[in-house]
Amino acid sequence: MYDGPAPGSQDWTQPLVVHPTDGGEDRYNTTQPRLQVFLPEPDEAGGAAIIMLPGGGLRVLGMGGDMHETIALLNEQGVAVIVLEYRTLQRTPEEIVRATAPRPPASGPIEFPSMEIRNANANPSPDDPVLSEVLRLATADGQAALRLVRSRAAEWGIDPDRVGMFGTSAGGGVAFGTMMAGEDGATPDFIVSNFGPALQDIAVPEDAPPLFLITESWHGPVTDGLVALFQMWIAERENAELHVYDVPNFTMTPDLWGDRLLEWMRERELLETAPE
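Just so we're aligned: the sequence shown equals residues 1 to 276 in full-length UniProt numbering.
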């Protein structure tokens with residue numbers, strides 16, 4: 001995605017590791033960001049585009065079957081989807097082995113620790129300098145992706161004024177970080193977050209993008225962080241919609257929220273045909 005090595009990670013030495021999963025893959029140790037472009041059929045393209053930011057706690061990029069279901073849903077509606085493989089924490093082979101080991105069969109449900117949410121910041125490790133640097137670099141990747149997509153708008157049938165971001169888990173934090181950077185031409189026109197709260201202090205921007213927020217009832221700071229974002233937006237009379245599902249084993253697939261997301265995009269005039 002960059003002309004040469006990505007600035008800031010030139011000295012990273014851990015090799016990229018791709019771990020197959022059901023319907024997709026997990027990618028560890030991204031050093032050189034890249035884009036995967038999924039365009040709708042030319043006669044169905046409506047001009048809207050979404051940069052998709054996979055989740056994984058800034059430690060891995062989960063690019064599973066659920067992500068591809070969402071891409072297919074959006075492509076069918078004429079939305080271009082560009083998946084951003086942004087930079088993640090460097091991990092040793094031993095750490096990756098531990099991370100990919102199956103959970104013991106007798107393990108109970110994951111318990112999420114409570115934390116105080118201030119300024120919608122739900123970062124569980126706010127004082128970790130290494131993860132903070134990874135977030136900074138991932139945000140830079142988000143900005144670079146927005147600039148690149150807009151520069152290719154004519155070629156890809158995209159309206160440069162309808163380019164949003166869809167962040168899952170830590171990908172939501174990258175989307176909100178990109179928004180907060182506030183650089184001309186490198187901010188999203190709308191944000192969809194699938195249990196992906198902000199990982200830094202947030203202030204509602206002057207040109208606040210519309211938000212479509214998805215989470216589950218018992219996801220601890222993730223839920224609290226997204227509720228806080230929603231409250232901040234509506235306090236400023238900005239557009240935001242929040243969906244909290246009380247569903248066991250919440251899934252990232254669009255079965256629950258996909259239809260409503262498309263309706264919301266139509267209501268925000270994001271799916272209208274782009275001007276010729």
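Glycine included, every Cβ here is placed at the ideal spot set by N, Cα and C.
* How long is the line joining the alpha carbons of Asp201 and Ala120, rounded to whole angstroms? -> Those two C-alpha atoms are separated by around 6 angstroms.
* Would you mind giving the Cβ-Cβ distance between Arg103 and Val60, rounded to the nearest angstrom? I have them listed as a contact below 8 angstroms. => Incorrect: roughly 16 angstroms between the Cβ atoms, too far for contact.
* To do: Report buried or exposed for Thr139, applying the criterion of at least 16 other Cβ atoms within 10 angstroms of its Cβ.
  => With 16 or more other Cβ atoms from the protein chains shown falling within 10 Å of its own Cβ, Thr139 counts as buried.
* Looking at Thr31 and Leu53, is the spacing between their C-beta atoms short of 8 angstroms? -> No. Outside cutoff.
* To do: Would you list the one or two residues that DSSP bridges to Leu61?
  => Bridge partners of Leu61 according to DSSP: Arg27.
* Residues bridged to Met52 (per DSSP) -> Residue pairing for Met52: DSSP places it in a beta bridge opposite Val83 and Phe166.
* Run of the beta strand (DSSP E) containing Ala138, from where it starts to where it stops -> Element bounds for Ala138: not the beta strand (DSSP E) but the alpha helix (DSSP H), Pro129 to Ser151.
* Collapsed DSSP secondary structure at Val37 in the structure displayed -> In this structure, Val37 counts as strand in the three-state DSSP scheme.
* Asp189 versus Phe176 - alpha carbon distance -> Distance from the CA atom of Asp189 to the CA atom of Phe176, rounded to whole angstroms, is 12 angstroms.
* Asked: Taking the DSSP output, what are the residues bridged to Ser193?
  -> Ser193 has Gly167 and Leu213 as its beta-bridge partners, per DSSP.
* **Straight-line gap, Ser193 to Asp11 (C-alpha atoms, nearest Å)** => CA-to-CA, the gap between Ser193 and Asp11 works out to about 32 angstroms.
* Cross-strand partners of Val17 (DSSP beta bridge) -> Answer by DSSP bridge pairing, in chain order: Tyr28.
* Asked: Applying the criterion that 16 or more other CB atoms from any shown protein chain within 10 Å of the CB defines a buried residue, is Ser9 buried or exposed?
  -> Buried.
* Considering only residues of the same chain and omitting the five flanking positions on each side of Glu236, which have a CB-CB separation below 6 angstroms? -> When the five nearest sequence neighbours on each side are left out, the beta carbons in the same chain lying within less than 6 angstroms of the beta carbon of Glu236 are those of Val204, in order along the chain.
* To do: Can you give me the start and stop residues for the beta strand (DSSP E) that Val244 sits inside?
  => For Val244, the enclosing beta strand (DSSP E) begins and ends at Ala240 to Tyr245.
* Please check the pair Asp22 and Gly57, which I expect to be a contact at CB under 8 angstroms, by giving their CB distance rounded to whole angstroms. => Cβ-Cβ separation between Asp22 and Gly57: approximately 19 angstroms, too far for a contact (criterion under 8 angstroms).
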